[in-house]
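Last residue of the sequence shown: 357 in the working numbering, with the numbers rising by one and none dropped.
Yeah, the Cβ is synthetic: ideal placement off N, Cα and C, and Gly gets one too.
This one's a predicted model, so the numbers in the text were calculated from it and none came from an experiment.
Following: one structure in structure tokens, then a few remarks.
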Amino acid sequence: MIDGASLLITGGTGSFGKACIRIVLKRYKPRRLIVYSRDELKQWQVRQEFPESEYPCLRFFLGDVRDKDRLYRAFNEVDYVIHAAAMKQVQASEYNPFEAIRTNVFGAQNLIEAAIDKGVKKVVCLSTDKAVAPINLYGATKLSADKLFQAAQAYVGAAMATSFAVVRYGNVLGSRGSVVPLFLDQRDKKGRVTITDPAMTRFWITLPDAVDFVLQTFHRMQGGEIFVPKIPSMSIFDLATALCPGCAHENIGRRPGDKMHETMISTHDSFNSIRFNDHFVLVPSTGNRDRYIERHGGTAVEDGFEYSSHLNDWWMTATDLFDMLGADSQGNFWRRTQFEKQAGAADGPRD
Ligand SMILES: NC(=O)c1ccc[n+]([C@@H]2O[C@H](COP(=O)([O-])OP(=O)(O)OC[C@H]3O[C@@H](n4cnc5c(N)ncnc54)[C@H](OP(=O)(O)O)[C@@H]3O)[C@@H](O)[C@H]2O)c1
7 MIDGASLLIT
17 GGTGSFGKAC
27 IRIVLKRYKP
37 RRLIVYSRDE
47 LKQWQVRQEF
57 PESEYPCLRF
67 FLGDVRDKDR
77 LYRAFNEVDY
87 VIHAAAMKQV
97 QASEYNPFEA
107 IRTNVFGAQN
117 LIEAAIDKGV
127 KKVVCLSTDK
137 AVAPINLYGA
147 TKLSADKLFQ
157 AAQAYVGAAM
167 ATSFAVVRYG
177 NVLGSRGSVV
187 PLFLDQRDKK
197 GRVTITDPAM
207 TRFWITLPDA
217 VDFVLQTFHR
227 MQGGEIFVPK
237 IPSMSIFDLA
247 TALCPGCAHE
257 NIGRRPGDKM
267 HETMISTHDS
277 FNSIRFNDHF
287 VLVPSTGNRD
297 RYIERHGGTA
307 VEDGFEYSSH
317 LNDWWMTATD
327 LFDMLGADSQ
337 GNFWRRTQFE
347 KQAGAADGPR
357 D
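So, in structure tokens, the structure goes:
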């Protein structure tokens, strides 16, 4: 599908975006692979990693998702869009709420309108478990974006055949500003790690797995769904113990906007949710789940089903974690990430 097509990634210089570029360039031959983001330095850094001479399909567009005109320009003859650009730090969104709304909500609507009007075929928007029953503004903005994307499917006309889907997943192991690089830094510099609450649990996914799941979504999507991968859980305590053996733990308490556990499918969503082998699909609440199952398979989840990080039946062990991060048996991280193993790329941290 991507061979010969034009794929645009908003936020293409972020953790997800860079992993996605590497994987797409390794597996496919797109006509154009367009990076859309604001900061010229980050784009320059990506250009260094993927020189134009080797990757002539790569294009770089400086632009803000808040700027609809710029999106219209960038979406010229684009077939597929992955919407990864977002403000994603919980704390930053708590303290700059309207900035998060302008990027994550207004930006999403700008993108939807540009995609419909410019005839983009399929759009996948990245969402997060924090969008389910949100208690922080980041989650609330991502929930709003999810709703905008699902609603867009309802009002896009038959003549303008753009399909929209959302992918919702949990914490990305090792993404920029996340807890894995924080723990490793604390381990190396101080020999102690700060833990918000040892009983806290999270869903975990690697960047390559997140990218794979998003790319598969382009094949699976009918329009209007939320796709949720089945992924393992681990407590923050177990994560810190595995990553930083022998380090003292300093309990600092939950930060504003932190939940004890995250949820990907709430009991209220169970009526719209369908179970497949390695993922769930949430059809829009206005959609017909039985008809979807008849056409596309899967089984209805039981009423009251909840997919939460503490109720998960798949738990990540320290060995799984090392494997997912591509660590050696001594727990030395960042030597080779899982992606780098696959791609044969150079050693060293990426995000
Ligand atoms: N990381 C996780 O643990 C996680 C978990 C679940 C879901 N997600 C979702 O996955 C997506 C990607 O996350 P990530 O980890 O790759 O984030 P990231 O590393 O912070 O990257 C964000 C990207 O968005 C761009 N961006 C930010 N604001 C923009 C704007 N107004 N206009 C255009 N581009 C903008 C940034 O580049 P510039 O600053 O140069 O514009 C950067 O390329 C987000 O939607 C996030 O909500 C992430």
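Other residues of its chain near alanine 11: CB distance less than 7 Å, five sequence neighbours each side excluded:
Sequence index remark: in the sequence shown, residue 11 carries index 5 (1-based). Cβ neighbours of alanine 11 beyond the five flanking positions: Pro36, Arg37, Asp85, Tyr86.
Within 10 angstroms of the Cβ of glutamine 156, are there 16 or more other Cβ atoms? Answer buried if so, exposed if not.
Numbered from 1 along the sequence shown, position 150 holds the residue referred to as residue 156. That one is buried.
Confirm the yes/no value for this check: CB of serine 315, any heavy atom of ligand 1, distance under 7 Å.
For the purposes of this step, residue 315 is taken as the residue at position 309 of the sequence shown. No, the Cβ of serine 315 stays beyond 7 Å of every heavy atom of ligand 1.
Do you know whose CA, among His89, Thr207, Ala306, Ala151, lies nearest histidine 267's CA?
In the sequence shown, the residue the question calls residue 267 occupies position 261. Ranking the options by Cα distance to histidine 267, first place goes to Thr207.
Could you check what DSSP says for arginine 28 in three-state terms: helix, strand or coil?
For the purposes of this step, residue 28 is taken as the residue at position 22 of the sequence shown. Arginine 28: helix per DSSP, three-state reduction.
Kindly list the residues whose CB is nearer than 6 Å to the CB of serine 279, restricted to its own chain and excluding five residues on each side of it in sequence; keep chain order.
Walking along the sequence shown from the start, residue 279 turns up at place 273. Correct list, in chain order: Ile271, Phe286, Leu288, Val307.
C-alpha distance - phenylalanine 112 paired with arginine 72, whole-angstrom precision
Residue numbering aside, residue 112 sits at position 106 when the sequence shown is read from its first letter. Residue numbering aside, residue 72 sits at position 66 when the sequence shown is read from its first letter. Phenylalanine 112 and arginine 72: Cα-Cα distance of roughly 6 Å.
To the nearest angstrom, report how far apart isoleucine 29 and histidine 255 are at their CA atoms.
Taking the first residue of the sequence shown as position 1, residue 29 is located at position 23. Taking the first residue of the sequence shown as position 1, residue 255 is located at position 249. If you take the alpha carbons of isoleucine 29 and histidine 255, they lie about 37 Å apart.
Flag alanine 98 as yes when its Cβ comes closer than 7 Å to any non-hydrogen atom of ligand 1, and as no otherwise.
Counting from 1 along the sequence shown, the entry for residue 98 is found at position 92. It does not: the Cβ of alanine 98 is nowhere closer than 7 Å to a heavy atom of ligand 1.
Would you check if the stretch 141 to 156 and the stretch 186 to 195 touch, i.e. whether three or more CB-CB distances between them fall below 8 Å?
no
Enumerate in chain order the residues of its own chain whose CB-to-CB distance from alanine 121 is below 7 Å, with the five nearest sequence positions on each side excluded.
Your numbering for residue 121 matches position 115 in the sequence shown. Within the same chain, alanine 121 has close Cβ partners Phe81, Val87, Val129, Thr168.
Could you pull the DSSP bridge partners for proline 235 from this structure?
Taking the first residue of the sequence shown as position 1, residue 235 is located at position 229. The partner list for proline 235 (beta bridge, DSSP) reads His285.
Could you tell me whether any non-hydrogen atom of ligand 1 is closer than 7 Å to the CB of arginine 44?
In the sequence shown, residue 44 corresponds to position 38, counting from 1. Yes.
Compute the minimum distance between the beta carbon of asparagine 177 and the heavy atoms of ligand 1, and state whether it is under 7 Å.
The count along the sequence shown starts at 1 and reaches residue 177 at position 171. Indeed, a heavy atom of ligand 1 lies less than 7 Å from the Cβ.
I need the DSSP call for tyrosine 144, collapsed to helix, strand or coil.
Start at 1 with the first residue of the sequence shown, and residue 144 comes out as number 138. Tyrosine 144: helix per DSSP, three-state reduction.
Residue closest to aspartate 275, alpha-carbon to alpha-carbon, out of Phe233, Pro262, His316, Thr247
Looking up residue 275 in the sequence shown gives position 269. By alpha-carbon distance to aspartate 275, the top candidate from Phe233, Pro262, His316, Thr247 is Phe233.
Less than 8 Å between the CB atoms is what I'm expecting for phenylalanine 43 and glutamine 51, so what's the real figure, rounded?
Position 37 of the sequence shown, counting from 1, holds the residue named residue 43. Position 45 of the sequence shown, counting from 1, holds the residue named residue 51. Correcting the residue type first, residue 43 is serine in the shown sequence and not phenylalanine. Going by Cβ atoms, the distance from serine 43 to glutamine 51 rounds to 11 Å, so no, they are not a contact pair.
Selected residue, minimal CA-CA separation from alanine 114, among Glu300, Pro214, Val96, Lys148
On the sequence shown, residue 114 is found 108 positions in, with the first residue counted as 1. Here the closest residue by C-alpha is Lys148.
So, does the stretch 63 to 72 touch the stretch 97 to 106, judging by three or more C-beta pairs under 8 Å?
Segments in contact, no.
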